[in-house]
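In this text, residue positions in the sequence shown follow my numbering: the first is 648, and each later residue adds one.
Idealized CB from N, CA, C, for every residue including glycine.
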Amino acid sequence: MTVVLALDVGGTKLAAGLVDGEGEVLVHDRAPTPVSLDPEVLWEAVVAILDGVLAHPDAPVHDGIGIGCGGPMRWPEGRVSPINIHGWRDFPLLERVRDRYAGGRPAVIHNDAVALAVAEHRWGAGQGHDHVLGMVVSTGVGGGLVVGGRRVDGGTGNAGHVGHIVVDPLGPACPCGGRGCVEAIARGPALAEYAASRGWKGPQTGIAVAEGARGGDPSCVAAFERSGRAVGLGIVSACALLDLDVVTIGGGVAQAGDLFFGPLRRTFDEYAGLEFVRRCEIVPARLGALAGLSGAAALVLDDLS
Ligand SMILES: [Zn+2]
648 MTVVLALDVG GTKLAAGLVD GEGEVLVHDR APTPVSLDPE VLWEAVVAIL
698 DGVLAHPDAP VHDGIGIGCG GPMRWPEGRV SPINIHGWRD FPLLERVRDR
748 YAGGRPAVIH NDAVALAVAE HRWGAGQGHD HVLGMVVSTG VGGGLVVGGR
798 RVDGGTGNAG HVGHIVVDPL GPACPCGGRG CVEAIARGPA LAEYAASRGW
848 KGPQTGIAVA EGARGGDPSC VAAFERSGRA VGLGIVSACA LLDLDVVTIG
898 GGVAQAGDLF FGPLRRTFDE YAGLEFVRRC EIVPARLGAL AGLSGAAALV
948 LDDLS
């Protein structure tokens, strides 16, 4: 049995686990990401969680290491500067993990959204398709690409950044430095801000706005319409460029279900003209809470087979 030591580094939580070749998480643990500007404090938290998983009484010996981490990063070297982890700038995460845990076995890192896309293609909602865009719509909007059955990296490991397709040239400033990107409009915080700007008085969180929308609050409904529409427009462009079979969408905003997917699909139907664009299916991601670990493992499985 092939076993991968998987690490998933996010802005709010760290997760580690041992994952088999079918994507099943055998043993895992999670911990909050420390809020620290000291890179070594963050590293010690990673060591603690990896050591904990490896010390588990049921832990099998692993064959390689896969890491998903928020971007941007220098790739494939794996020097990371995650937007939401301020203590790491150009931090040599892959090298550190490899030196301490690999013992000559392969170790691979990628953007966490790429890891999720690869997992959805291999085991989730994209299974059986060769041309897949895997998206995450939450605090940010991320994505990864599988084309012709293979992961697409691009020139610097950054292919698939669907969140920074421009869908409104006059739209709001984006955290990336651009303007009117899908992420600037569709991400959870933008959605909550928009609802508040239209009169929503509840908490400015995606979950609260989703509850408001389910209760019929027009500001909250409008915020989901705007978010879904931006993602729908981005997907039309992605499909025109890549002739995709399926787009999978996970993340907190997508959890709102029809509130989000309804306007998204209406927009897609309105703007997608060409038959090869219209054929693309847009579906919720299927892998659950441990998808980040399965995805991190998937990154290295091709190197192990
Ligand atoms: Zn952007």
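(request) Have a look at Gly-810, Ile-832, Gly-807 and flag the residue whose alpha-carbon is nearest the alpha-carbon of Leu-817. (result) Ile-832
(request) Rounded to whole angstroms, what's the CA-CA distance from Gln-851 to Ser-866? Just pull it up for me. (result) Straight across, the Cα-Cα distance linking Gln-851 with Ser-866 is about 12 Å.
(request) Run the proximity test for Gly-787: is its beta-carbon closer than 6 Å to any non-hydrogen atom belonging to ligand 1? (result) no
(message) Can you tell me whether Glu-917 sits near ligand 1, meaning its C-beta is under 6 Å from at least one heavy atom of the ligand?
(response) no
(message) Looking only at its chain, what residues have a beta carbon closer than 6 Å to the beta carbon of Leu-951, apart from the 5 residues adjacent to it on each side?
(response) Cβ neighbours of Leu-951 within its own chain (closer than 6 Å, five residues either side excluded): Thr-649, Asp-710, Gly-711.
(request) Can you say whether Ile-730 is buried or exposed, counting buried as having 16 or more other CB atoms within 10 angstroms of its CB? (result) exposed
(request) Report yes if the CB atom of Gly-898 is closer than 7 Å to the CB atom of Ala-762, and no otherwise. (result) For Gly-898 and Ala-762, no; Cβs fall outside 7 Å.
(message) Tell me which residue opens and which closes the beta strand (DSSP E) that Cys-716 is part of.
(response) 711-716
(request) Compute the distance between the beta-carbons of His-757 and Leu-891, then report whether it is under 7 Å. (result) no
(message) If you measure between the beta carbons of Gly-699 and Gly-939, is that distance less than 7 Å?
(response) Between Gly-699 and Gly-939, the C-beta gap is not smaller than 7 Å, which leaves the two residues out of contact.
(request) Would you tell me roughly how many angstroms separate the C-alpha atoms of Pro-681 and Leu-697, rounded to the nearest one? (result) 15 Å
(request) Specify, as a first and last residue, the run of the alpha helix (DSSP H) that His-768 falls within. (result) 759-770
(message) Whole angstroms are fine: how far does the CA of Ile-896 sit from the CA of Arg-721?
(response) 26 Å
(request) Grab me the residues of Pro-910's own chain with a C-beta within less than 6 Å of its C-beta, minus the 5 sequence neighbours each way, in chain order. (result) Contacts found: Glu-872, Gly-875, Arg-876.
(request) Can you say whether Gly-863 is buried or exposed, counting buried as having 16 or more other CB atoms within 10 angstroms of its CB? (result) Residue burial annotation: Gly-863 is exposed, with fewer than 16 other C-beta atoms found within 10 angstroms of its C-beta.
(request) Would you mind sorting Phe-592 into buried or exposed? The rule is 16 or more other CB atoms within 10 Å of its CB. (result) It is not possible to answer for residue 592, since the shown part of the chain is limited to 648 through 952.
(request) Report yes if the C-beta of Glu-830 is less than 6 Å from at least one heavy atom of ligand 1; otherwise report no. (result) yes
(message) Let me confirm a value: Leu-665 is counted as buried when at least 16 other C-beta atoms fall within 10 Å, else exposed. Which label applies?
(response) buried
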